[in-house]
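K.L.:
Residue numbers 13 to 442, in the working numbering, belong to the letters of the sequence shown in order.
Glycine included, each C-beta is placed from N, C-alpha and C at the ideal position.
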Amino acid sequence: MKRLDTRSADFEAGFVALLADRETESGRVDKPVAAILEDVRTRGDAAVCELTSKFDRLALTPERLRITAEEIDAETAKVPQDQIEALNVAASRIEAFHRAQLPKDMEFTDADGVTLGQRWNALDAVGLYVPGGKAAYPSSVLMNAIPAHVAGVERLAMCVPTPDGVLNPLVLAAAKRAGVTEIYRIGGAQAVGAMAFGTETIRPVDRIVGPGNAYVAEAKRQVFGRVGIDSIAGPSEVVVVADNQNNPRLVALDLMAQAEHDELAQSILITDDAAFGDAVAAAVETELKTLTRSAIASASWRDFGAIITVTDWDEAAKLVDRIAPEHLELMLDDPKSVFAKVRHAGAAFLGRFCPEAVGDYVGGPNHVLPTSRTARFASGLSVYDFLKRTTYIAADREALEKIGPAGVTLANAEGLEAHALSISARLGNS
Ligand SMILES: NC(=O)c1ccc[n+]([C@@H]2O[C@H](COP(=O)([O-])OP(=O)(O)OC[C@H]3O[C@@H](n4cnc5c(N)ncnc54)[C@H](O)[C@@H]3O)[C@@H](O)[C@H]2O)c1
Ligand SMILES: N[C@H](CO)Cc1c[nH]c[nH+]1
Ligand SMILES: [Zn+2]
13 MKRLDTRSAD FEAGFVALLA DRETESGRVD KPVAAILEDV RTRGDAAVCE
63 LTSKFDRLAL TPERLRITAE EIDAETAKVP QDQIEALNVA ASRIEAFHRA
113 QLPKDMEFTD ADGVTLGQRW NALDAVGLYV PGGKAAYPSS VLMNAIPAHV
163 AGVERLAMCV PTPDGVLNPL VLAAAKRAGV TEIYRIGGAQ AVGAMAFGTE
213 TIRPVDRIVG PGNAYVAEAK RQVFGRVGID SIAGPSEVVV VADNQNNPRL
263 VALDLMAQAE HDELAQSILI TDDAAFGDAV AAAVETELKT LTRSAIASAS
313 WRDFGAIITV TDWDEAAKLV DRIAPEHLEL MLDDPKSVFA KVRHAGAAFL
363 GRFCPEAVGD YVGGPNHVLP TSRTARFASG LSVYDFLKRT TYIAADREAL
413 EKIGPAGVTL ANAEGLEAHA LSISARLGNS
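1. For ligand 3, any of its heavy atoms closer than 6 Å to the Cβ of T372?
2. What first and last residue would you give for the alpha helix (DSSP H) that runs through I308?
3. Using a Cβ-based criterion (distance less than 6 Å to any ligand heavy atom), does T213 qualify as near ligand 1?
4. Could you check if L340 is buried or exposed, using at least 16 other CB atoms within 10 Å of its CB as the buried criterion?
5. Would you mind reading off the limits of the beta strand (DSSP E) that contains V204?
6. Using C-beta distances below 6 Å, list every residue in its chain close to A208, excluding the 5 sequence neighbours before and after it, in chain order.
7. Per DSSP, which residues does Q130 bridge with? Please list them.
8. Comparing alpha-carbon positions, which option in E75, A264, R167 lies nearest M13?
9. Over the uninterrupted beta strand (DSSP E) stretch that includes G139, give me the two end residues.
10. From the DSSP output, which residues share a beta bridge with G240?
11. What are the uninterrupted segments assigned as alpha helix (DSSP H) that are 4 or more residues long and contained completely in the segment 260-310, given in chain order?
12. Using the beta-carbon count (16 or more within 10 Å), is V10 buried or exposed?
13. Decide if R40 is buried, meaning its Cβ has at least 16 other Cβ atoms within 10 Å, or exposed.
14. Could you compute how far the alpha carbon of V142 sits from the alpha carbon of I198?
15. Return the chain-ordered ranges of every alpha helix (DSSP H) run that is complete within the segment 38-92 and spans a minimum of 4 residues.
16. Can you tell me whether Y196 is helix, strand or coil according to DSSP?
17. In the DSSP assignment, the alpha helix (DSSP H) including M155 goes from what residue to what residue?
18. Give a single yes or no on whether Y141 has its beta carbon closer than 6 Å to a heavy atom of ligand 2.
19. Could you pull the start and end residues of the alpha helix (DSSP H) that H431 belongs to?
20. Contact defined as beta carbons within less than 8 Å: I believe L154 pairs with A203. What is the distance between those atoms, to the nearest angstrom?
21. Is the closest heavy atom of ligand 1 to the C-beta of L381 under 6 Å?
22. Ligand 1 and N225: does the residue's C-beta get closer than 6 Å to at least one heavy atom of that ligand?
23. Report the three-state DSSP secondary structure of I17 (helix, strand or coil).
24. Please confirm if the segment 134-149 is in contact with the segment 161-175, defined as three or more CB-CB distances below 8 Å between the two stretches.
25. Under DSSP, the alpha helix (DSSP H) around R334 begins and ends at which residues?
26. According to the neighbour-count rule (16 or more other Cβ atoms, all chains shown, within 10 Å of its Cβ), is A418 buried or exposed?
27. State the Cα-Cα distance for the pair L344 and D285, rounded to the nearest angstrom.
28. Here's the rule I'm using: 16 or more other beta-carbon atoms within 10 Å means buried, otherwise exposed. How should E299 be labelled?
29. State the DSSP-derived secondary structure class of L412, mapped to helix, strand or coil.
30. Going by DSSP in three states, A147 sits in which element: helix, strand or coil?
31. Which value, in whole angstroms, describes the spacing of the CA atoms of R364 and A387?
32. Using only the alpha-carbon positions, how far apart do L106 and P377 sit?
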């Protein structure tokens, strides 16, 4: 863990190194991912099965790639009732938020008499990646699938790794709750490749969405262009901005909640009180002694964690924008006044009683969010990821007479004669 203070002379160098360290780490997978994608593109099912055996220790044949309806029913039947009820709470809240997010078509007629519009249509086929290497993510099934359904996507294909062949009952129950039936037991870059290129068994999709580790994130980056992708939702991150009125243990737990996802996760505390920073650092060490996933969390905290002391909250907001974190917690008396100054964060959690973990499960907004500073230009998963726009123009002769001549002038200036004629001939001018 790094300790930084904006008043110290070496702050800038330390801060830049903090951000760069993680980029270098996740950048190391580009070559192995390219090799996996090429293998899947050229050898299809055979490559996917071999890679699954290598990385997930599961011997597969093409016939067993897809999880059957009987397996889904049998696994779902094992899920305790309280977990089914919790899934229902989460699903209803996620659905309500994403329904409210649906954009409206738009049409208007302008002063020249031209009607202009924009119509939204759902994608035909989408691939949902649900991570499953170091933890199982039933919540990510809901976060991926519900907005796709709300948007009206017809075909949803889901990939989830099943290390050692073990199916996760709650993942399959979540898929069932969200109406997903086409599920493949594969993960990593090979799953992304299978959904992008298609194999003998898996039909290609139009867009791949969902979070995953560095291999998944890099694979999505590399297949972009052949298919669409959502943001790069890689190893988790949180920045907690907290004053000394907070309980250090609660802040420590929020930092560890992201650290326990992955050795490459990043948790940063920004505070205006160095002594409070010390108290949080000590509380983290205490929690690490008992957390089940302390091996992962301590590696993440050791390599990428940080506590930064600032002079005021304006300075904190500027640092947050430079980090552009996936998650931002503002544990302050007046969180909204600081939030108003922040422009780059995937999702924000305002107040002392709004831990990021609530957003992971039951808040309503999506938990699939941009990581690795991509929140500078990307947003979290939403219904927009499953929709696209078609714009349209409708003009009659009278309207064309008004706007056509300028078009003819520009076409002639570009030297594109047929363009000019296609307008002017309609107006009887050539
Ligand atoms: N940003 C978000 O919205 C969000 C949400 C949930 C989870 N996450 C993140 O998703 C990630 C989940 O990671 P995970 O590992 O648990 O599951 P995962 O499903 O993303 O990755 C598992 C797969 O990685 C591949 N893999 C592992 N080691 C490999 C190697 N050496 N070479 C090639 N491929 C390899 C394997 O194919 C394996 O199936 C975590 O980083 C977590 O922080 C992010
Ligand atoms: N925090 C993760 C996104 O970075 C999402 C998640 C799912 N389950 C628990 N957490
Ligand atoms: Zn989480």
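P.N.:
Once the coordinates are examined:
1. It is Asp, not Thr, that sits at residue 372 in the sequence shown. Yes, the Cβ of D372 comes within 6 Å of a heavy atom of ligand 3.
2. 306-316
3. no
4. buried
5. Counting along the chain, V204 sits inside no beta strand (DSSP E); it lies in the alpha helix (DSSP H) bounded by residues 200-209.
6. V235, R238, V239
7. M118, T403
8. A264
9. 137-141
10. R219
11. 260-271, 286-300
12. Outside the displayed span of the chain (13 to 442) sits residue 10, for which this structure offers no information.
13. exposed
14. Whole-angstrom Cα-Cα distance: 10 Å.
15. Taken in chain order, the complete alpha helix (DSSP H) segments of 4 residues or longer contained in the segment 38-92 are 42-68, 81-88.
16. strand
17. Run containing M155: 150-163, per the alpha helix (DSSP H) assignment.
18. no
19. 429-436
20. Not really, about 19 Å apart at Cβ, beyond 8 Å.
21. yes
22. It does: the Cβ of N225 is within 6 Å (strictly closer) of some heavy atom of ligand 1.
23. It should be pointed out that residue 17 corresponds to Asp in this sequence rather than to Ile. Residue state, collapsed to three classes: strand.
24. yes
25. 325-335
26. The Cβ neighbour count for A418, taken over all protein chains shown within 10 Å, is under 16; the residue is labelled exposed.
27. 13 Å
28. buried
29. Reduced to three states, the DSSP call for L412 is helix.
30. coil
31. 23 Å
32. The sequence given here has Ile at residue 106, not Leu. Distance between the alpha carbons of I106 and P377: 6 Å.
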